[in-house]
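K.L.:
Protein chains in written order, with the working numbering: chain W, 175 to 469; chain H, 490 to 1099.
Pasting a structure below so you can have a look.
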Ligand SMILES: Cc1ncc(C[n+]2csc(CCOP(=O)(O)OP(=O)(O)O)c2C)c(N)n1
Ligand SMILES: [Mg+2]
C-alpha cells in the first residue's frame, strides 16, 4: 500500500520553511535529545522541546496513497465510473400502534425530524380497542424506506410495521363540491366514478368518491368542468388481501419483550417479525398501478 | 388520540393485578431482585404517588440522584426526604442532567435527575439531548402542574413530554397515582435495556400527591419493546468468511462496545485475530491505546494512522457505532474499498449512513462471541499490520513544545495522565481542549472517558465530573482520580457547580486549558474565515484560581512548563475540588484535522494543508 517509505528528514527538508529546516537539521531520534532544553519524558513523552513548527509531522495529503473505490451519498459502495443513486419510490406502510395519547404526534414528528418524505398519513381504530392503525404513504429511495420502517419500530408504542404488497387494498376518499349549474350533468359524471351525491343546494352539488388515488384524481379532473368550489381528501387506508395480515397482530408469545423473549427467537428474527415484515423484498409498485378493479 | 382525562380513565381501568411472585422473579434484573426481596415487607407501605415513585427507584437499585427543587416536584422531594436515596442538590438543572448522564456512563446503570415543571424541565433539556445523542442511560423525573390545569397555561406549565419527545428514548405523562410507580419502573428499565438512552416521566402534582397503596412492580420495559440479542447464524457465517478472506481488516469500536459491556469480548476478538483497532471518540478506553494493535481514535481529529487505516481497509468490522459524520467525514470517501460488517443492537443504525454488507443486529458481546465461534482462521494480514505500523511512525502525535514559547495544552494533558493511575476518569468540556484530552491521554480502561460527543455541549465537564466522582465512589473506585479538562469558555458555562463540589467535598480536579479564546472557533476562523475572529476572542477572562478560592475550592494558576508537574501533583493530591488555571498557548491548533465532509485519508497536519 504505502511502499513509498518516506524519509522524515527528506520530507521535512522538502517543506522549505525555516521551521521545517530546523527540524530536519536535528536528529529525529528522540533518545538523543537530552540536555537542559528537553522536557521530562516521564511527564510529557510526546512533547518536543527542540521542534518549532505548526501542526504535526508526516507525509502531506498529496504524498499519500489513495484508495480505488468510492461510495455514493447514500453510503453505498459504487463503481466510481458509474455514479448511481437509487430513485425514490412510493411505499404504503402500515403501522399498528398502542392506542394511547401522543402516539400520532410521536409518529408525525419522527417524519419531520428525520426529513422523510411523506405523502399522506391516516390513523384510525382497529377491532382491538387498545390498538390503532396508522397508514403512511412515503416517497423515498429504498434505503430511506428501510429507515422509515426501522425508525418507526424504535418508537416504544409501535407494535408492528410492514410495507404492504403492491396488490393490497388501498382506498382514499374525496368530497368534492361543484357548482350546481347543471345538476344532471354532474350526476352523470359522478356516476362514471361510482360517486354518490351527499349534499345539494340551489348553488352547489357535493359528491363523495372512494377508490384508488388514480380514480379520485380522475373524478376531480372530470368534475373540474363544473367549477370545483372545495375539495376535502383523506389519505390512503390500506389493508393486506386474503389471509395475509396487515401490520400484523403479533401472536401472543412474541408480545413478551426482554431477554427471555429475544432469546426464544434465537434464529435472530426480530421478535415482532412474525406478522410484521414478511416482505423483505423491495417492491416497485406505486399506489397508482396497484388497485385497478374499480375503474 | 385520546384526551388526558380519557387516558387517566384508561389507565385506571387497565390497572394490573399486583405482580405475582413468579412474575416478579422472572422479570427483575439482579439489582432490583435483591432490593425488592429485602425491602418489600420491611419498608413502610406506600401511601402516595410520590412515595411509589421513590419506592420504584429504590427497587431499581438507585442510590444517588441529582436535581433542583421546585413547586411541582415538591411532593416527590418530600418522599425522597424519608428514603435511602442520596440526593445531590445542584446549582442548575442542566448540571443535574449532565451529572446523571456521567453517573450512567461510569456506573453502567441509569443516572437519575429531578427537576420541577416549566423552567426546571426546560433547563434539563440540554442534558437530556446530550444523553440521547450519546445513548447514555438516564432517567429524568419532572414535576408538572396538576392534571386539571394542564393545557391552561398554568404557572410554570410547559408541555414537557412534547418538548422532550424528540430527545428521549421514550417519555410518559403519568396519569394516575396507582400507576405512577410502574411508569417510573418502566422508564428505568427502558433507559437501560437494548440501546440505552434517556427516558422521562412527567409527574403532575395531583398524581404524586394522590393516595395509593399500590406497591410498584419490578422495573420492566413495556410489552411493545423488543430487543434482538443474537444475530442470525447464517449472517454470522457470511461475515466470518468475509473477515477471514480479507487482507486489510480493521475493527472499529464504537461507544456501544462500552455501553454493552462488550469490552472483554471485543478485546479478545481483536487479539485473537490480530486485527488493528480504531475507536470512535465515545469508545475511548474500549481497547488499550498502548496495545500494539491500537491505532487509537479515528475521524475529524483522529490520528493519521487511524484515518489511513479506515481509508484503506478492505474489511471494516464496526461494533456499536453509528457512523457519525465526525467519524466518517464525507461519506463518499469513507472506507471506500471496504466490505462493511456492522454489529449493532439498534437495527435502525444498520445502513443508515454507511451501507452494511453484513448487518449483524444484536448485543455487541453476544454477536462477537457468535462471530468468534464462526471463525476458522485469522485473516492473512501480516503485511497490513506492517503497513499500519509504518503509518504510526510516519504520522507521530508528537507536538512541538519549545520552552521559550507559551505552555502547550497537550503537555498538561500528558502530565495529568502521567500523574494518575489507569482507572482515572477524564471528563471534558467541548472545544480544542476536549480534542487534546482525547488525543494525548492514553486510555486503557472502559468508562474512564466521559465527554459530550454527539451534542458537543460546552459546560459538560464539571457537572460530569461531579456525577463521575459519585459513581466512581459508589463502584468502589474511591482512589481513581477524576480530572475535568475544561476550556475557559466551557468552564464559564457551568462553573457555578463548584458550589456543589465544595459543599459535598467531592474530590475532583478541574484543569482549565485557558487560551482566552473560544479556541475551536478561532481555529476554524483562521482556516475557513480569513482569520476574522468574530466573537471568539475573550480578550479578558476571570481569574479562575481566585474564583475557585471564592467558592471554597483550591485554586492554582500556572504559566510555565516548570510549574506544571507540581501543580498537577498538588491538585490531584488535594482532597476536595481543585481548579488549576493553565495559561496555555492561545495560538495552538488541533491536528490532525479532517474538515467537515472531507476525505479522511486527506487529513491535514497543519493549516496550509486544509
Ligand atoms: C453550548 C455550546 N455553545 C456553543 C458551542 C460552539 N462551540 C464549540 S467549541 C466552542 C469553543 C469552546 O471554547 P473553550 O471552552 O474555551 O474551548 P477551547 O476550544 O478554547 O479549548 C464553541 C463556542 C458549543 N459546542 N456548545
Ligand atoms: Mg478556550
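C-beta: ideal position from N, C-alpha, C; glycine also.
Can you tell which of H:757, H:799, H:797, H:802 has the C-alpha that lies nearest to the C-alpha of residue 780 of chain H?
P.N.:
For residue 780 of chain H, the closest of H:757, H:799, H:797, H:802 by C-alpha to C-alpha distance is H:757.
K.L.:
Which residues in chain W have a C-beta closer than 7 Å to the C-beta of residue 842 of chain H? List them in chain order.
P.N.:
249
K.L.:
Any idea which residues DSSP pairs residue 334 of chain W with across the strands?
P.N.:
W:270
K.L.:
Based on the DSSP secondary-structure assignment, which residues constitute the bridge partners of residue 250 of chain W?
P.N.:
None; residue 250 of chain W has no bridge partner.
K.L.:
7 Å is my cut-off, CB to CB: does residue 325 of chain W come that close to chain H?
P.N.:
It does; some Cβ of chain H falls within 7 Å.
K.L.:
Would you identify the three-state DSSP class for residue 222 of chain W, choosing helix, strand or coil?
P.N.:
strand
K.L.:
Which whole runs of the alpha helix (DSSP H) in the stretch 341 to 384 of chain W are 4 residues long or more, in chain order?
P.N.:
357 to 366
K.L.:
Compute every distance between the C-beta of residue 818 of chain H and the non-hydrogen atoms of ligand 1, then say whether any falls below 6 Å.
P.N.:
Not so, every heavy atom of ligand 1 lies at least 6 Å from the Cβ.
K.L.:
Can you find a CB in chain W that lies within less than 7 Å of the CB of residue 714 of chain H?
P.N.:
yes
K.L.:
Using a threshold of 7 Å, state whether the C-beta atoms of residue 369 of chain W and residue 352 of chain W are closer than that.
P.N.:
no
K.L.:
Determine, using beta carbons only, whether residue 859 of chain H comes closer than 7 Å to chain W.
P.N.:
By this cut-off, residue 859 of chain H is not an interface position.
K.L.:
Can you give me the start and stop residues for the beta strand (DSSP E) that residue 306 of chain W sits inside?
P.N.:
305 to 315
K.L.:
Since residue 717 of chain H and residue 850 of chain H are thought to touch, with beta carbons under 8 Å apart, how far apart are those beta carbons, to the nearest angstrom?
P.N.:
5 Å
K.L.:
Let me know if residue 627 of chain H comes out buried or exposed under the rule of 16 or more other beta-carbons within 10 Å of its beta-carbon.
P.N.:
buried
K.L.:
Check the C-beta distance from residue 305 of chain W over to residue 270 of chain W and give it rounded, since I have them as a contact under 8 Å.
P.N.:
6 Å
K.L.:
Do three or more CB pairs link the stretch 736 to 743 of chain H to the stretch 804 to 813 of chain H at distances below 8 Å?
P.N.:
Counting Cβ pairs under 8 Å, three or more are found: they touch.
K.L.:
Give me the chain H residues within the contact set of residue 295 of chain W, using Cβ-Cβ distance strictly less than 8 Å, ordered along the chain.
P.N.:
For residue 295 of chain W, no chain H residue has a Cβ inside 8 Å of its Cβ, as the nearest lies near 13 Å away.
K.L.:
Scan the stretch 272 to 283 of chain W for residues whose Cβ lies nearer than 9 Å to a Cβ of chain H and list them as they occur along the chain.
P.N.:
272, 273, 274, 275, 276, 277, 278, 279, 280, 283
K.L.:
With DSSP collapsed to three states, give me the class of residue 574 of chain H.
P.N.:
coil
K.L.:
Which partner residues of residue 244 of chain W appear in the DSSP bridge assignment?
P.N.:
BP columns for residue 244 of chain W point to W:252.
K.L.:
Are the Cβ atoms of residue 915 of chain H and residue 930 of chain H separated by less than 7 Å?
P.N.:
The Cβ atoms of residue 915 of chain H and residue 930 of chain H lie closer than 7 Å to each other.
K.L.:
Could you run through the stretch 1067 to 1078 of chain H and flag, in chain order, every residue whose CB is less than 8 Å away from some CB of chain W?
P.N.:
1078
K.L.:
Of the choices W:323, W:386, W:273, W:277, whose alpha-carbon is the least far from that of residue 301 of chain W?
P.N.:
If you compare the alpha carbons of W:323, W:386, W:273, W:277 with that of residue 301 of chain W, the shortest gap goes to W:273.
K.L.:
Assign residue 693 of chain H to buried or exposed, taking buried as 16 or more other Cβ atoms, counted over all protein chains shown, within 10 Å of its Cβ.
P.N.:
buried
K.L.:
Mark residue 534 of chain H as exposed unless 16 or more other C-beta atoms lie within 10 angstroms of its C-beta, in which case mark it buried.
P.N.:
exposed
K.L.:
Measuring only between beta-carbons, confirm whether residue 1094 of chain H sits less than 7 Å from chain W.
P.N.:
yes
K.L.:
Check whether the Cβ atoms of residue 397 of chain W and residue 363 of chain W lie closer than 7 Å to each other.
P.N.:
Yes, they are a contact pair.
K.L.:
For residue 234 of chain W, would you say it is in contact with chain H, using Cβ-to-Cβ distances shorter than 7 Å as the test?
P.N.:
yes
K.L.:
Taking its Cβ as the centre, do 16 or more other Cβ atoms sit within 10 Å of residue 406 of chain W, making it buried, or is it exposed?
P.N.:
exposed
K.L.:
Taking any Cβ of chain W, which residues in the stretch 672 to 699 of chain H have a Cβ under 8 Å from it, in chain order?
P.N.:
Correct list: 679, 682.
K.L.:
Touch check for the stretch 578 to 587 of chain H and the stretch 973 to 991 of chain H: three-plus C-beta pairs under 8 Å?
P.N.:
When C-beta atoms of the stretch 578 to 587 of chain H are compared with those of the stretch 973 to 991 of chain H, three or more pairs fall below 8 Å, so the two segments count as touching.
K.L.:
For a minimum of 4 consecutive residues, which ranges assigned as the alpha helix (DSSP H) are wholly contained in the stretch 700 to 765 of chain H?
P.N.:
For the stretch 700 to 765 of chain H, the continuous alpha helix (DSSP H) assignments of 4+ residues that do not extend past its boundaries occur at 722 to 734, 744 to 748, 752 to 762, in sequence order.
K.L.:
Check residue 1006 of chain H in the structure and name its three-state DSSP category.
P.N.:
strand
K.L.:
Give the residues of chain W in contact with residue 1056 of chain H, contact being defined as C-beta atoms less than 8 Å apart.
P.N.:
The premise fails here: residue 1056 of chain H is roughly 12 Å from chain W at the closest Cβ pair, so nothing lies under 8 Å.
K.L.:
Which residues does DSSP pair with residue 971 of chain H in a beta bridge?
P.N.:
Note: residue 971 of chain H sits in a beta bridge opposite H:914.
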